[in-house]
Amino acid sequence: MKKLIVLLLLFPTLASVAQKSAKAMRRLIDTDMQFAARQYKFMAALTPADSMPRSFNEKSNRLITSATDWWTSGFFPGSLWLIYEYTSDSAIKKEAEKRLAIQEKEKYYSGNHDLGFMIFCSFGNAYRLTHNPAYKEVVATAAETLLKRYRPTINAIQSWGPLTDKKSQVIIDNMMNLELLNWVSDEWREPKFKVVAIDHANTTMKNHFRADNSSYHVVDYDATTGDVIKKRTAQGYSDESAWARGQSWGLYGYTMMYRFTKEPSYLEQAKKIATFILSKTDMPADGIPYWDYDAPKTSTTLRDVSAGSILASALLELAQYVDGKEGEGYVATARKILVSLSSPAYRAEEGGNGGFILKHSVGSLPGNSEVDVPLTYADYYFLEALLRYKKWYLK
11 MKKLIVLLLL FPTLASVAQK SAKAMRRLID TDMQFAARQY KFMAALTPAD
61 SMPRSFNEKS NRLITSATDW WTSGFFPGSL WLIYEYTSDS AIKKEAEKRL
111 AIQEKEKYYS GNHDLGFMIF CSFGNAYRLT HNPAYKEVVA TAAETLLKRY
161 RPTINAIQSW GPLTDKKSQV IIDNMMNLEL LNWVSDEWRE PKFKVVAIDH
211 ANTTMKNHFR ADNSSYHVVD YDATTGDVIK KRTAQGYSDE SAWARGQSWG
261 LYGYTMMYRF TKEPSYLEQA KKIATFILSK TDMPADGIPY WDYDAPKTST
311 TLRDVSAGSI LASALLELAQ YVDGKEGEGY VATARKILVS LSSPAYRAEE
361 GGNGGFILKH SVGSLPGNSE VDVPLTYADY YFLEALLRYK KWYLK
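Residue numbers (this note's numbering): 11 to 405.
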């Protein structure tokens, strides 16, 4: 009886804490989204009409742009649509539509596996918010194009290199592009797209993961026999290290595969990856991962904000599919990441950073490419995570 009385006395206090936390997150999300709208208008003004933002060089104060066939080209228009979803800002929508017009031709791009990033993040969000049938057609065409990179001998979509190569390279990032195939399969009631997505996910689950549930970045296959030639980590600290963004890609990819298929093995794989990441004893207190989980840790070891924003978005969805404390833990971690990313340590000053929202991402440290800079996909998944938190966890 005494315990019951104590619990009843505590209940108003616990409820008050929860209300304050929800209020704080609403305020944080609103502040971030309004800031994003102002920054992306600034970025749009800096970006040539035939190009897309890619990064920013702080030393030269110069925005780095790309052609529309670069793998990250879809994230800028995709982010514009996410900002519009929250703000209903007509200027943001107009800019998004303008960028879609130059992006549309990439629905035929077959040079690599990145059509999901290029087309689904842009036109997929555009269709979700406007229901314009022309956008849906673009996404369907892109899915047909992506199928051309499917290699039956390896039961997977080849990520890099010409399809005439004797070696077929598959990277963990490719899990993200399966969303395009799954969505088109469901929307058009055409099973061939989902069959390929399932084949790819199963092959990746079989060959990409180590015993501790961390992932290699690249698996090289013999394109004729389907045999594994080599497993490596091109953008990480070493072949046997756990490159942080790669782990986030895998977590997000298998969570998404469970959404579309309800296949239990995909949910289990996502949970295993989450356990690997969240059990790291040297994870920074603010939740923003080092660029590689196995890189030597010093006071100057770089963080990868892109890995953090993808991780937050993935954990918020994964929490939808599990019960109790497990889900609460995923949400708490994601919330910590979002709060950290919203702080001056990671969020840009207004009118700076080339218009990007976040700082301190790492593209490829071994390749000395895009190191400690803003990146479009870091912003995109940060915005997605903010919207997911608002939709699912602020009732």
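Think of the CB as a built atom: it goes at the ideal place given N, C-alpha and C, for glycine as much as any other residue.
A straight-line Cα-Cα distance of about 9 Å links residue 233 and residue 174. Look at residue 75 here: in three-state DSSP terms it is strand. At the C-beta level, residue 206 and residue 157 come within 8 Å of one another. By the 16-neighbour rule on beta-carbons within 10 angstroms, residue 353 is exposed. Following the DSSP letters along the chain, one finds residue 192 inside the alpha helix (DSSP H) bounded by residues 188–198. Judged by their CB atoms, residue 265 and residue 327 are nearer to each other than the 8 Å cut-off. Residue nearest to residue 374 within the set 385, 366, 368, 365 is 385 (criterion: CA-CA distance). Restricting attention to 125, 134, 382, the CA atom closest to the CA of residue 146 is found in 134. Checking the DSSP bridge columns, you'll see residue 228 partnered with 181, 242.
When secondary structure is reduced to three states using DSSP, residue 110 falls in the helix class. Sorting 320, 162, 132, 255 by C-alpha distance to the C-alpha of residue 149 places 132 at the top. Exclusion of the five residues before and after residue 322 leaves 344, 347, 348, 395 as the residues of its chain whose Cβ lies within less than 7 Å of its Cβ.
DSSP places residue 66 in the uninterrupted beta strand (DSSP E) bounded by 62–67. Bounds of any beta strand (DSSP E) do not take in residue 327; it lies within the alpha helix (DSSP H) bounded by 315–328.
In terms of Cα proximity to residue 398, the closest of 154, 388, 329 is 329. The DSSP-derived three-state label of residue 126 is helix. With respect to residue 82, residue 61 sits apart: the two C-beta atoms are not nearer than 8 Å. A straight-line Cα-Cα distance of about 16 Å links residue 262 and residue 314. Taking C-alpha positions only, residue 303 is separated from residue 142 by approximately 42 Å. Nearest to residue 383 by C-alpha distance, out of 390, 363, 298, is 363.
The straight-line gap separating the alpha-carbon atoms of residue 129 and residue 249 is approximately 31 Å.
Rounded to the nearest whole angstrom, the CA to CA distance from residue 108 to residue 54 is 10 Å. Around residue 213, the same chain offers 165, 166 as residues with beta carbons nearer than 6 Å, after the five sequence neighbours per side are excluded. For residue 380, the enclosing beta strand (DSSP E) starts and ends at 379–383.
For the pair residue 377 and residue 170, the Cα-to-Cα distance works out to about 16 Å.
For residue 286, the three-state secondary structure derived from DSSP is helix.
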